[in-house]
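Numbering (the numbering used here), first residue to last: 10 to 188. Every residue, glycine too, gets a C-beta built ideally from N, C-alpha and C. Quick caveat: nothing in here was measured; it's all calculated off a predicted structure.
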């Protein structure tokens, strides 16, 4: 049994760690006076929560980095479809929170599909660029009439007019540009 090798970029990992530490320090500094003034410890509840979330985030990052690229190539289209459907569902089954209807309720957990769309766009573009690179290596056409697939005319234009959020417009534009 092969153990999965984590494909990590040391510079990217260091910059992520640095940004996380700076963010935790800023939250610590912002809540320090209030936490001391209320008789608590110097570590505010927000800073503690941020440290826990950062730890969870780094564990998730390690798990995601252990997934082989071939598996990501298989997941980029289905993952994008799920994210797209969640985003389109918001105007119909979403609920308002803080004055904006951008949330879906999955049991007791409210989620904001536009946050997942960021990851979906990264997957979609990574898959598209990988496909282009493989096609370039095989000398297959990736541009022009030979490589184009038929699509509904003006699909993104109609969807963007129906759903006026910038993140959706960007994601739909990326899809239409990638076809």
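Please go through the same chain and pick out, in chain order, the residues whose beta-carbon is closer than 6 angstroms to the beta-carbon of residue 53, but skip the five residues on each side of it.
As a position in the chain shown, residue 53 is number 44, starting the count at 1. Excluding residues within five positions, the ones whose Cβ falls inside 6 angstroms are 40 and 44.
Buried or exposed: where does residue 69 fall if 16 or more other Cβ atoms within 10 Å of its Cβ makes it buried?
For the purposes of this step, residue 69 is identified with residue 60 of the chain shown, where counting begins at 1. Classification of residue 69: exposed, given that the 10 Å Cβ count is below 16.
Drop a sphere of 10 angstroms on the beta-carbon of residue 133, count the other beta-carbons inside from all chains shown, and report buried for 16 or more, exposed for fewer.
Here residue 133 refers to the residue found at position 124 of the chain shown. Residue 133 is buried by the Cβ-count criterion.
Quick one: complete beta strand (DSSP E) runs, 3+ long, within the stretch 26-94?
none
Between which two residues does the alpha helix (DSSP H) carrying residue 122 extend?
Here the question's residue 122 lines up with position 113 in the chain shown. 122-147 is the span of the alpha helix (DSSP H), which, as asked, contains residue 122.
Please return the same chain residues whose Cβ sits closer than 7 angstroms to the Cβ of residue 56, not counting the five positions on each side in sequence.
The residue given as residue 56 occupies position 47 in the chain shown. Once the five neighbours on either side are set aside, the close Cβ partners of residue 56 are 33, 36, 37 and 40.
Give me the Cα-Cα distance between residue 24 and residue 67, rounded to the nearest whole angstrom.
Residue 24 sits at position 15 when you count from the first residue of the chain shown. Residue 67 sits at position 58 when you count from the first residue of the chain shown. Computed Cα separation, rounded: 13 angstroms.
By Cβ distance below 8 angstroms, which residues in the same chain neighbour residue 119 in space, the five residues on each side in sequence not counted?
Reading the chain shown from its first residue, position 110 is the one you call residue 119. If we look at residue 119 and ignore the five residues flanking it on each side, its Cβ neighbours are 104, 106, 112 and 113.
Counterpart residues of residue 109 in DSSP-defined beta bridges
Position 100 of the chain shown, counted from the start, is the residue given in the question as residue 109. Answer is 106, bridged to residue 109.
Using beta carbons (cut-off 8 angstroms, strictly below), is residue 76 in contact with chain C?
Of the protein chains in the structure, only one exists, and it is not chain C.
Where residue 117 falls: helix, strand or coil (DSSP)
On the chain shown, position 108 is the one that residue 117 refers to. Note: residue 117 maps to coil in three-state DSSP.
Taking residue 78 as the reference, which of 108, 92 and 136 has the closest Cα?
Here the question's residue 78 lines up with position 69 in the chain shown. When only C-alpha atoms are compared, the closest one is 136.
Going by C-alpha to C-alpha distance, which of 71, 82, 121 and 60 sits closest to residue 93?
By one-based count along the chain shown, residue 93 stands at place 84. If we check each option's Cα against that of residue 93, 121 comes out closest.
Quick check: the Cα distance between residue 27 and residue 59, rounded to an integer number of angstroms?
Numbered from its first residue, the chain shown carries residue 27 at position 18. Numbered from its first residue, the chain shown carries residue 59 at position 50. Roughly 14 angstroms between the two C-alpha positions.
Give the C-beta separation of residue 74 and residue 29 to the nearest angstrom, bearing in mind that I take them to be a contact with Cβ-Cβ under 8 angstroms.
Residue numbering aside, residue 74 sits at position 65 when the chain shown is read from its first letter. Residue numbering aside, residue 29 sits at position 20 when the chain shown is read from its first letter. Actually they do not touch by this definition, with Cβ atoms about 16 angstroms apart.
Proximity winner among 71, 42 and 61, relative to residue 19 (alpha-carbon distances)
In the chain shown, counting from the first residue as 1, residue 19 sits at position 10. Among 71, 42 and 61, the Cα nearest to that of residue 19 belongs to 71.
Hey, residue 95 and residue 125: beta-carbon distance below 8 angstroms or not?
Here residue 95 corresponds to residue number 86 of the chain shown, with the count starting at 1. Here residue 125 corresponds to residue number 116 of the chain shown, with the count starting at 1. Yes; because the gap between Cβ atoms is below 8 angstroms, this pair is in contact.
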